[in-house]
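Asks: Shown below is the structure under consideration.
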Amino acid sequence: MAQERMLKFVEQRQAYPAKRAAKVRAEDFREIADRYAPTDSEAQAARCSQCGVPYCSVHCPLGNHIPDWLRLTAEGRLREAYELSNATSTMPEICGRICPQDRLCEGNCVIEFSGHGAVTIGSVEKFITDTAWDNGWVEPLVPGRPTGQSVGVIGAGPAGLTAAEYLRAAGHEVHVYDRHDRPGGLLTYGIPGFKLEKPVVMRRIERLAAGGIQFHNDTDVGSDALPFEELRARHDAILIATGVYKARAIKAPGVGSDGVVAALDYLIASNRKGFGDAVPDFDSGALNAEGKHVVVIGGGDTAMDCVRTAVRQGAASVKCLYRRDRANIPGSQREVANAEEEGVEFLWLSAPQAFEASNRVTAVRAQRMRLGPPDASGRRAPEPEPGGEMTIPADLVIKALGFDPEDLPRLFGEPALGVSRWGTVMINAETMMTSLDGVFAAGDIVRGASLVVWAIRDGRDVAERMQRYLRAKAAEGRKAA
Ligand code: FAD
Ligand code: SF4
Ligand code: SF4
Numbered sequence: 000m001a002q003e004r005m006l007k008f009v010e011q012r013q014a015y016p017a018k019r020a021a022k023v024r025a026e027d028f029r030e031i032a033d034r035y036a037p038t039d040s041e042a043q044a045a046r047c048s049q050c051g052v053p054y055c056s057v058h059c060p061l062g063n064h065i066p067d068w069l070r071l072t073a074e075g076r077l078r079e080a081y082e083l084s085n086a087t088s089t090m091p092e093i094c095g096r097i098c099p100q101d102r103l104c105e106g107n108c109v110i111e112f113s114g115h116g117a118v119t120i121g122s123v124e125k126f127i128t129d130t131a132w133d134n135g136w137v138e139p140l141v142p143g144r145p146t147g148q149s150v151g152v153i154g155a156g157p158a159g160l161t162a163a164e165y166l167r168a169a170g171h172e173v174h175v176y177d178r179h180d181r182p183g184g185l186l187t188y189g190i191p192g193f194k195l196e197k198p199v200v201m202r203r204i205e206r207l208a209a210g211g212i213q214f215h216n217d218t219d220v221g222s223d224a225l226p227f228e229e230l231r232a233r234h235d236a237i238l239i240a241t242g243v244y245k246a247r248a249i250k251a252p253g254v255g256s257d258g259v260v261a262a263l264d265y266l267i268a269s270n271r272k273g274f275g276d277a278v279p280d281f282d283s284g285a286l287n288a289e290g291k292h293v294v295v296i297g298g299g300d301t302a303m304d305c306v307r308t309a310v311r312q313g314a315a316s317v318k319c320l321y322r323r324d325r326a327n328i329p330g331s332q333r334e335v336a337n338a339e340e341e342g343v344e345f346l347w348l349s350a351p352q353a354f355e356a357s358n359r360v361t362a363v364r365a366q367r368m369r370l371g372p373p374d375a376s377g378r379r380a381p382e383p384e385p386g387g388e389m390t391i392p393a394d395l396v397i398k399a400l401g402f403d404p405e406d407l408p409r410l411f412g413e414p415a416l417g418v419s420r421w422g423t424v425m426i427n428a429e430t431m432m433t434s435l436d437g438v439f440a441a442g443d444i445v446r447g448a449s450l451v452v453w454a455i456r457d458g459r460d461v462a463e464r465m466q467r468y469l470r471a472k473a474a475e476g477r478k479a480a
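Residues 0 to 480 (numbering that gives the first Met the number 0) make up the sequence shown, in order.
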């Protein structure tokens, strides 16, 4: 019976949920795709060929039981599909929305290789858990038997929240500290609503708070108000999950001019407006693209989010400058296609040289590039194309060249915290503990700028390692008593 329902990839064409028309979706910050109708999700899930060795799962950082929940979906057993999908992930509906599936599960689906188009795994995953929320199947977080131990988590992004959820379920007292006024990390203030609507994030956070996780917002660890040392004294174990926030700089004349802004400042302002907050820098026009000629510099996810935000704010024109070609962007090709549909113009193989300004920026002087021989990393290095100078009028320039870690040993006043030469926090591969006893680290601050799904995986792994540490500590305490 199960097999009869499945393997429909030949007769059933691949179909993602319909995207709203580009013109319509560029008017608002709602997600661009609708949800599947139940019959469509069943039909798409039934395309799976139930591989003995499912490469989709192998390439999912969470090792999700994909073929199993696809089969349950195809059979209309959605609640069981949800329970299985939830068993390995703290945020399946978020991953279903924003994982770059083309590089992970779907990009490794055998049906994709056979030319039939991958099973639409991410869209089905989103459908399953959204349905679970609608039907009240998402269980509250139930804390385990109290252990009498407490954990401090620095950073309320996906890594910190995931670890907090598992540690709370194990019975620990869990405190999550974040410098922002709302938890969620980049899920809340980085990623725009057209990729991830904010109520989807907030309902997860409300569930964690209802389960007894104590959130300390507006709390910058390492500041005078809360020194790192004090936090260590408060808790039995600490998790550093602070992400990476130091924007990479552009070294070019005029880069300090008014109107040349950092990507995250721009995105945070836009997301805050979406929450209905007062945002003076948006209202003054400093971080608002409305009516402006916008140039975004970069080719990653952040750059794509900036160009598409500018379109929605009513920019007069939006151009994206990237020094390599389309095939070599670090971001998702799917996002480039979405941006193009929405009217963004990409200037591939173009690098900024200077920013012209009178009292604020008026243009970007750029250089056409070509790809030369491969560099040490094996990628073909861009080099200037002779005679390829150009000037692009601009009244808002957004720098989106990626992020590096902040200097945590200095920020935390703890020189013994071991970091790599890139500034990422070093951990023991086995224990996930840093160079400081009882201090663990996870997510982007360990990996460098990465993905939400990897942050969740790290959060899951580190919770398990912290548990081991806490159990050993409790046993030691009993012995000493
Ligand atoms: P974060 O989400 O960065 O959370 C860290 C938290 O720590 C923040 O809330 C911060 O305020 C807090 N913090 C930092 N320092 C302190 C301190 N000293 N005291 C208190 N709190 C502190 N990934 C995808 O998979 N798909 C996408 O589509 C995608 N789009 C992205 C778009 C943008 C614009 C950006 C910037 C990133 C995007 N990413 C995407 C990457 C993804 O968001 C990150 O990999 C992920 O959020 C990392 O999780 P994290 O928990 O390690 O850190
Ligand atoms: Fe695919 Fe991401 Fe879901 Fe894994 S978590 S199945 S990679 S969408
Ligand atoms: Fe199904 Fe594709 Fe995964 Fe195979 S690789 S189990 S066909 S989703």
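All residues carry an ideal CB built from backbone N, CA and C; glycine is no exception.
All of these numbers come straight from a predicted model, not from anything done at the bench.
Please confirm whether glycine 297 and tyrosine 321 have their CB atoms less than 9 angstroms apart.
Replies: In the sequence shown, the residue the question calls residue 297 occupies position 298. In the sequence shown, the residue the question calls residue 321 occupies position 322. In contact: glycine 297 and tyrosine 321 (Cβ atoms closer than 9 angstroms).
Asks: Quick one: any contact between the stretch 170-182 and the stretch 140-152, if contact means 3 or more CB pairs under 8 angstroms?
Replies: Judged by Cβ distances under 8 angstroms, the stretch 170-182 makes contact with the stretch 140-152, as three or more pairs qualify.
Asks: Whole angstroms are fine: how far does the CA of valine 396 sit from the CA of phenylalanine 345?
Replies: Position 346 of the sequence shown, counting from 1, holds the residue named residue 345. Position 397 of the sequence shown, counting from 1, holds the residue named residue 396. Phenylalanine 345 and valine 396: Cα-Cα distance of roughly 14 angstroms.
Asks: Suppose you measure from the CA of valine 243 to the CA of leucine 469; what does that come to, to the nearest Å?
Replies: Walking along the sequence shown from the start, residue 243 turns up at place 244. Walking along the sequence shown from the start, residue 469 turns up at place 470. When rounded, the distance between both Cα atoms is 27 angstroms.
Asks: Taking only three categories from DSSP, how would you classify alanine 355?
Replies: On the sequence shown, residue 355 is found 356 positions in, with the first residue counted as 1. Just to set this straight, residue 355 is glutamate in the shown sequence, not alanine. In the structure shown, glutamate 355 sits in a strand (DSSP, three-state: E or B).
Asks: For lysine 272, collect the residues of the same chain with a Cβ closer than 7 angstroms to its Cβ; drop the 5 residues on either side in sequence, then sort them by chain order.
Replies: Here residue 272 refers to the residue found at position 273 when the sequence shown is read from its first residue. Cβ neighbours of lysine 272 beyond the five flanking positions: Val278 and Phe281.
Asks: Would you grab the beta carbon distance between aspartate 101 and serine 331 for me? Rounded to a whole angstrom, and I think it's under 8 angstroms.
Replies: Translated into the one-based positions of the sequence shown, residue 101 becomes position 102. Translated into the one-based positions of the sequence shown, residue 331 becomes position 332. Aspartate 101 to serine 331, Cβ: 7 angstroms. Contact.
Asks: Please name the residue in Asp300, Ile444 and Lys318 whose C-alpha comes closest to that of alanine 393.
Replies: The residue given as residue 393 occupies position 394 in the sequence shown. Cα-wise, what sits closest to alanine 393 is Lys318.
Asks: Could you check whether isoleucine 212 and arginine 247 sit closer than 9 angstroms to each other, using their CB atoms as the reference points?
Replies: Translated into positions along the sequence shown, residue 247 becomes position 248. Translated into positions along the sequence shown, residue 212 becomes position 213. For arginine 247 and isoleucine 212, no; Cβs fall outside 9 angstroms.
Asks: Runs of 4 residues minimum, wholly inside the stretch 354-417: which ones carry the alpha helix (DSSP H) assignment?
Replies: DSSP runs (the alpha helix (DSSP H)) wholly in the stretch 354-417: 407-410.
Asks: Are the stretch 20-33 and the stretch 307-315 touching by the rule of at least three beta carbon pairs closer than 8 angstroms?
Replies: Segments in contact, yes.
Asks: If the criterion is Cβ atoms closer than 9 angstroms, does the pair proline 157 and isoleucine 455 meet it?
Replies: Here the question's residue 157 lines up with position 158 in the sequence shown. Here the question's residue 455 lines up with position 456 in the sequence shown. Yes.
Asks: Closer than 6 angstroms by C-beta to valine 452: which residues in its own chain qualify, once you throw out the five before and the five after it? Chain order, please.
Replies: What you label residue 452 is simply residue 453 of the sequence shown in a count that begins at 1. So the qualifying residues of the chain are Pro60, Cys94 and Cys98.
Asks: Closer than 8 angstroms to a non-hydrogen atom of ligand 3 - does that hold for the CB of phenylalanine 8?
Replies: The sequence position of residue 8 within the sequence shown is 9, counting from 1. Result yes, Cβ under 8 angstroms from ligand 3.
Asks: Return the first residue and the last residue of the beta strand (DSSP E) that tyrosine 188 is part of.
Replies: Here residue 188 refers to the residue found at position 189 when the sequence shown is read from its first residue. Counting along the chain, tyrosine 188 falls outside any beta strand (DSSP E), though it belongs to the alpha helix (DSSP H) covering 185-188.
Asks: Confirm, please, whether the CB-CB distance from proline 329 to aspartate 374 is below 9 angstroms.
Replies: Here residue 374 is taken as the residue at index 375 of the sequence shown, counted from 1. Here residue 329 is taken as the residue at index 330 of the sequence shown, counted from 1. Against a cut-off of 9 angstroms, the Cβ pair of proline 329 and aspartate 374 comes out as no contact.
Asks: Can you tell me where the beta strand (DSSP E) with serine 419 in it begins and where it stops?
Replies: Taking the sequence shown and counting its residues from 1, one reaches residue 419 at position 420. From DSSP, serine 419 is part of no beta strand (DSSP E); its letter is neither H nor E.
Asks: Compute the distance between the beta-carbons of alanine 362 and glycine 371, then report whether it is under 9 angstroms.
Replies: Counted from its first residue, the sequence shown places residue 362 at position 363. Counted from its first residue, the sequence shown places residue 371 at position 372. Not in contact: alanine 362 and glycine 371 (Cβ atoms no closer than 9 angstroms).
Asks: When the Cα atoms are used, what is the spatial distance from arginine 203 to glycine 387?
Replies: Position 204 of the sequence shown holds residue 203. Position 388 of the sequence shown holds residue 387. Answer to the nearest angstrom: the Cα atoms are 50 angstroms apart.
Asks: By the three-class DSSP mapping on this structure, what secondary structure does lysine 318 have?
Replies: Here residue 318 corresponds to residue number 319 of the sequence shown, with the count starting at 1. Three-state result, lysine 318: strand.
Asks: How should arginine 144 be labelled, buried or exposed, when 16 other C-beta atoms within 10 angstroms of its C-beta is the threshold for buried?
Replies: Against the sequence shown, residue 144 aligns to sequence position 145. So arginine 144 counts as exposed.
Asks: Would you kindly report the start and end of the unbroken alpha helix (DSSP H) that includes glutamate 429?
Replies: Numbered from 1 along the sequence shown, position 430 holds the residue referred to as residue 429. Element bounds for glutamate 429: n/a, residue is neither H nor E.
Asks: How long is the line joining the alpha carbons of threonine 241 and aspartate 219, rounded to whole angstroms?
Replies: Walking along the sequence shown from the start, residue 241 turns up at place 242. Walking along the sequence shown from the start, residue 219 turns up at place 220. If you take the alpha carbons of threonine 241 and aspartate 219, they lie about 10 angstroms apart.
Asks: Using only the heavy atoms of ligand 1, determine whether one of them is closer than 8 angstroms to the beta carbon of lysine 194.
Replies: Counting from one through the sequence shown, the residue named residue 194 turns up at place 195. At least one heavy atom of ligand 1 is nearer than 8 angstroms to the Cβ of lysine 194, so yes.
Asks: With DSSP collapsed to three states, give me the class of glycine 151.
Replies: Taking the first residue of the sequence shown as position 1, residue 151 is located at position 152. In this structure, glycine 151 counts as strand in the three-state DSSP scheme.
Asks: Can you say whether glycine 147 is buried or exposed, counting buried as having 16 or more other CB atoms within 10 angstroms of its CB?
Replies: One-based indexing of the sequence shown puts residue 147 at position 148. By the neighbour-count rule (16 or more Cβ atoms within 10 Å), glycine 147 is not buried but exposed.
Asks: To which residues of the same chain is leucine 6 closer than 6 angstroms at the C-beta, ignoring the five residues directly before and after it?
Replies: One-based indexing of the sequence shown puts residue 6 at position 7. Result list for leucine 6: Ser48, in chain order.
Asks: Drop a sphere of 10 angstroms on the beta-carbon of aspartate 457, count the other beta-carbons inside from all chains shown, and report buried for 16 or more, exposed for fewer.
Replies: Counted from its first residue, the sequence shown places residue 457 at position 458. Aspartate 457 is buried by the Cβ-count criterion.
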